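In the numbering used here, the protein residues as written are 4 to 247. Even for Gly, the Cβ is constructed at its ideal location relative to N, Cα and C. Here the structure is a predicted model, which is why all the values come from computation and not from measurement. Here's the structure we're looking at; comments come further down.
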Amino acid sequence: MNVMTIHGRDAGKLMAQARFAVVPLGSIEYHGPHSPLGTDVLLAQGFAERIDPDLQPLVYPPIPYTACPGKTRDYPGTISIRPSVFIEYLTDLTEGICSSGIRRILLLNAHDANMGPSRTVAEAVTAQYPDAGFLLVNWWQMVETGLMERKGLFHGTAGRGHGGPYEMSAVKAMHPGLVEVSDSDVELDSCPPLSPLPYVLVEGKPRGWDGYTGRIKQTSLEAGKVIVEEASRQMNMLIRNWLK
């Protein structure tokens, strides 16, 4: 159920039937010469549309304007909102959802820089609404690392990275005509991980970077279909467990 299509006379009844709200989080950000500026919006909205309707979601419009990191800010087309402004905006939005009676909110994220602000908002809003619960899902984490290599779809790379073949194959599966890798587009290898353990590394301009990274010529519709199918399956399983 999409909130955009609900009539005012039916709003109270239909919103009471929803088990949770979905807020897709994207960005308007440069993803390389081969990729649309709305990549993250398209992915966030696309995965929101793949939530099992039997779970009774109420889907809100995606948020397109969010904070972007310094490493993409100066590339053409990127629009960056100050993190403090985004936090206040998302706080007001989610408090509005809570005030309508919905107490479970899925923040369905497609932009790395949204993770910190989203966690901050969830902590603040649950202080105001102690019976509320947030689930933050980063779609790209819904597929096991290494799956694509094992399936023979990526070679010598996991494909991960901003504007890389993992992300752009997913966009291609949803919107086949929007990803166009040309012979002149440069392939860039990101740095190997510093540790197998989780960590956060923030740099203004990492090595192997020009507003995007990755062996982008391995982008394919076939890989995208596998990624989207698996991410959607895992996402829906996670939501079911949350609702239980």
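| query | result |
| --- | --- |
| How about P67 and G41: do their beta carbons lie closer than 8 angstroms? | yes |
| Measuring only the C-alpha atoms, how far is V44 from S38? | 12 angstroms |
| Which same chain residues, not among the five before or five after S83, have their C-beta less than 7 angstroms away from its C-beta? | A70, C71 and R76 |
| Whose CA, out of Y33, L181 and D13, lies closest to the CA of Y215? | Y33 |
| Would you say G162 and M145 are within 8 angstroms of each other, going by their C-beta atoms? | no |
| Check each candidate in Y78, E98, G73 and C101 and name the one with the smallest Cα separation from R85. | G73 |
| What does L191 pair with, by DSSP beta-bridge criteria? | G217 |
| From which residue to which residue does the beta strand (DSSP E) around G11 run? | No beta strand (DSSP E) contains G11, which DSSP labels as neither H nor E. |
| What ranges does the beta strand (DSSP E) occupy inside the region 61 to 112, keeping only unbroken runs of at least 3 residues that lie completely in it? | 107 to 112 |
| Beta-carbon separation of I105 and A24 under 8 angstroms? | yes |
| Would you mind listing the alpha helix (DSSP H) stretches within the region 11 to 41 that are 4+ residues and don't spill past its ends, in chain order? | 14 to 20 |
| For W245, which option in T160, R107 and E147 has the closest C-alpha, if you only look at C-alpha atoms? | R107 |
| Can you tell me which of the three DSSP states G136 falls into? | strand |
| Just the Cα atoms here: how many angstroms apart are E233 and A173? | 11 angstroms |
| Leaving out five residues on either side along the sequence, give the residues of the same chain with a beta carbon under 8 angstroms from the beta carbon of C194. | P209, R210 and G211 |
| Can you check DSSP and say which residues form a bridge with N5? | V62 |
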